[in-house]
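Peer 1:
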Amino acid sequence: MRRPIIAGNWKMHLGRLDEALPFVRSIRHALNEIEGVDRVLCPPYTVLAAVAEALAATKIGVGAQNLHWEDRGAHTGEISPGMLAECCQFVIMGHSERRASGGEGETDKAVQRKLRAALAHGLTPILCIGENLAQNEAGQTHEFVSSQIRSALNDLSPDDAQKCVIAYEPIWAIGTGKAATPADANRIIGLTVRGPIAEMFGGTVAEAIRVQYGGSVNADNIAGFMAMPEIDGALVGGASLKPDFVELVRRAAPTTA
Ligand code: PGA
Numbered sequence: 453m454r455r456p457i458i459a460g461n462w463k464m465h466l467g468r469l470d471e472a473l474p475f476v477r478s479i480r481h482a483l484n485e486i487e488g489v490d491r492v493l494c495p496p497y498t499v500l501a502a503v504a505e506a507l508a509a510t511k512i513g514v515g516a517q518n519l520h521w522e523d524r525g526a527h528t529g530e531i532s533p534g535m536l537a538e539c540c541q542f543v544i545m546g547h548s549e550r551r552a553s554g555g556e557g558e559t560d561k562a563v564q565r566k567l568r569a570a571l572a573h574g575l576t577p578i579l580c581i582g583e584n585l586a587q588n589e590a591g592q593t594h595e596f597v598s599s600q601i602r603s604a605l606n607d608l609s610p611d612d613a614q615k616c617v618i619a620y621e622p623i624w625a626i627g628t629g630k631a632a633t634p635a636d637a638n639r640i641i642g643l644t645v646r647g648p649i650a651e652m653f654g655g656t657v658a659e660a661i662r663v664q665y666g667g668s669v670n671a672d673n674i675a676g677f678m679a680m681p682e683i684d685g686a687l688v689g690g691a692s693l694k695p696d697f698v699e700l701v702r703r704a705a706p707t708t709a
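Counting from 453, one number per residue, gives the positions in the sequence shown under this note's numbering.
#1: Do L500 and C539 have their C-beta atoms within less than 7 Å of each other?
#2: Compare the beta carbon distance of G460 and S692 with 7 Å and say whether it is the shorter of the two.
#3: Leaving aside the five residues before and after T498 along the sequence, list all residues of the same chain whose C-beta is less than 6 Å from its C-beta, in chain order.
#4: In the structure shown, what three-state DSSP assignment does T464 receive?
#5: Within the same chain, show all residues whose beta-carbon is closer than 7 Å to that of I601, passing over the 5 residues directly before and after it, in chain order.
#6: On a CA-only basis, which of N484, A570, I512 is nearest H520? Give me that one, please.
#7: Evaluate contact between the stretch 619 to 634 and the stretch 651 to 660, counting only Cβ atoms and requiring at least three cross-stretch pairs below 8 Å.
#8: Can you tell which of G488, V476, L687, I641 has its C-alpha closest to the C-alpha of H594?
#9: With respect to 6 Å, is the separation between the Cβ of G513 and the closest non-hydrogen atom of ligand 1 below this value?
#10: What's the C-alpha gap between T628 and G690?
#11: Just to check, is the beta-carbon of I713 closer than 6 Å to a non-hydrogen atom of ligand 1?
#12: In terms of residue numbering, what span does the beta strand (DSSP E) encompassing G513 cover?
#13: Could you give the distance in angstroms between the alpha-carbon of A709 and the alpha-carbon of M680?
#14: Smallest Cα separation from A516: which of F542, A502, T510?
#15: State yes or no: is the C-beta of N461 nearer than 6 Å to some heavy atom of ligand 1?
#16: Using 7 Å as the threshold, is the C-beta distance between C616 and L579 below it?
#17: With DSSP as the reference, label A501 as helix, strand or coil.
#18: Ignore the nearest five residues each way along the sequence and tell me which others in A537's own chain have a CB closer than 7 Å to its CB.
#19: Please name the residue or residues paired with I544 in a DSSP beta bridge.
#20: If you measure between the beta carbons of L700 and A671, is that distance less than 7 Å?
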């Protein structure tokens, strides 16, 4: 049985202490009470340590939104995995907003390095993959997304591969209010995400690895995704910035918990 995991990606929001801390303090008790589901907050770097401290006595995880793959060096403005390991357990990588050429231009090669660096420091990677609208409409989703997976996980040991969390996020669904249907997300995660992983690492790893859906997930639609057998949770952007995030996580928890 895979344990569900909901991660809130704050992006470039709530990055001041006077915004982040009141918000975290307002939700942490209720969020901590929920059983049977991992929940992770991924704030901007500026408040990462403070949020981690505010959550220290809870079971709520903390994640960063990016990392550099080197341990140290002349990399102005970058943050190393060792620095992150001081205050968090998770790190997002390969988000489409960072892969986009208008964004940071993060390449498959960079994502591959980041993933290894995170694992080497005991951080759990949340690896984002997903096709854009043109690729989706041209029927290229399988080819594109599976190549992202093959590149990122290439040559890992099965043990390391299994430690990763994968977030399938179709780009056209991010921040648009137009989520994929649970059935479509389920089909793509089964065939296009777990399929290549099974070929690379065997069926046991493909069955064990946790795969989230991301893209316009909110408290109203989360249950539909969680009802799908291949989907183990969500990477949540906009809806993680509001107190309603607690309700979203509650609805992602197994009903028996
Ligand atoms: P959204 O963002 O929930 O606001 O669509 C998801 C993401 O980018 O991870």
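Ideal Cβ positions, reconstructed from N, Cα and C, are used throughout, including at glycine.
Peer 2: So, to answer that:
#1: Contact flag set, yes.
#2: Here G460 is near S692, since their CB atoms are less than 7 Å apart.
#3: Closer than 6 Å at the Cβ level, and outside the excluded window around T498, lie G467.
#4: It is Met, not Thr, that sits at residue 464 in the sequence shown. Note: M464 maps to coil in three-state DSSP.
#5: I581, V645, P648, I649
#6: A570
#7: Contact fails: fewer than three Cβ-Cβ distances are below 8 Å.
#8: With distances taken between Cα atoms, H594 lies closest to I641.
#9: no
#10: Straight-line measurement puts the Cα of G690 at about 10 Å from the Cα of T628.
#11: Absent from the model: residue 713. The displayed extent of the chain is 453 to 709, so no value can be given.
#12: Segment 513 to 516, the beta strand (DSSP E) holding G513.
#13: Reliability of the predicted coordinates at A709 is poor, the pLDDT of 46 falling under 50, and no value is obtained from them.
#14: F542
#15: yes
#16: Against a cut-off of 7 Å, the Cβ pair of L579 and C616 comes out as a contact.
#17: helix
#18: H573, G574, L575
#19: I578
#20: yes
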